[in-house]
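Take a look at the structure below.
In our numbering, the protein residues as written are 26 to 204.
In structure tokens, the structure reads:
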């Protein structure tokens, strides 16, 4: 669920990029080393880049501020709510004979391809989160939307006997993702 979001990384990933951050006057605090809090890269990094320097980049959650950090407890709470909602949707669809597909299954290949955070890639690549996830690290690109549409077409075809064609999505090369 939340850990599967492509633009969300553990604090330790940012600690491993401390030298790259230093070039921009951003000091990655020692509290990031080994830290399992999940950090929304787009929000946290852009805030750090736009702040007065030196900027202390902390991976410790501040519950009183919008800090782009989720603790393991926060993550478990949100993931549990998502599981409950998904179970309700699936049960309702099944009870009514409606078509249904699990978005997590459809997006699993994208999640599997997730790598560790890289400040260099974040700042220099045209698609730092890959072919299927937009620059905010959360929402699908056109190719990601097509992946979802193809999964929906499969579900509709299977349930209702439709023949909705799927659209092939040509894979981008590493050079196209990060020229």
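Idealized CB from N, CA, C, for every residue including glycine. On a predicted model such as this, the values are computed, not experimentally measured, just so you know.
query                                                                                                                                                            : result
Can you list, in chain order, the residues of its chain whose CB lies under 6 Å from that of residue 43, leaving out five sequence neighbours each side?         : 53
The alpha helix (DSSP H) with residue 53 in it runs from where to where?                                                                                         : Looking at the DSSP string, residue 53 is not in any alpha helix (DSSP H); the run it does join, the beta strand (DSSP E), is 51-53.
Quick one: Cα of residue 148 to Cα of residue 91, how far?                                                                                                       : 22 Å
Could you tell me which whole alpha helix (DSSP H) segments of length 4 or greater appear in the stretch 106-138?                                                : 128-137
Between which two residues does the beta strand (DSSP E) harbouring residue 34 extend?                                                                           : 33-35
For the putative contact between residue 39 and residue 84, defined by C-beta atoms under 8 Å, what is the C-beta separation to the nearest angstrom?            : 6 Å
Using a Cβ-Cβ cutoff of less than 7 Å, which residues in the same chain neighbour residue 46 once the five nearest sequence positions on both sides are dropped? : 53, 82, 144
Should residue 120 be labelled buried (16 or more other beta-carbon atoms within 10 Å of its own) or exposed?                                                    : exposed
Residue 157 by DSSP, collapsed to three states: which one?                                                                                                       : coil
Apply the 10 Å Cβ neighbour rule to residue 180 and answer buried if 16 or more other Cβ atoms are within range, or exposed otherwise.                           : buried
Nearest to residue 29 by alpha carbon, out of 70, 154, 110?                                                                                                      : 154
Taking just the CA atoms, how far does residue 124 sit from residue 56?                                                                                          : 47 Å
Is DSSP giving residue 82 helix, strand or coil here?                                                                                                            : strand
Can at least three beta-carbon pairs, one atom from the stretch 186-194 and one from the stretch 162-177, be found at a separation below 8 Å?                    : yes
Is residue 62 near residue 96, with beta carbons less than 9 Å apart?                                                                                            : yes
Between which two residues does the alpha helix (DSSP H) holding residue 74 run?                                                                                 : 66-75
Can you give the beta carbon distance from residue 74 to residue 152, rounded, assuming they're within the 8 Å contact cut?                                      : 19 Å between Cβ atoms; not a contact.
Can you tell me where the alpha helix (DSSP H) with residue 182 in it begins and where it stops?                                                                 : 167-185
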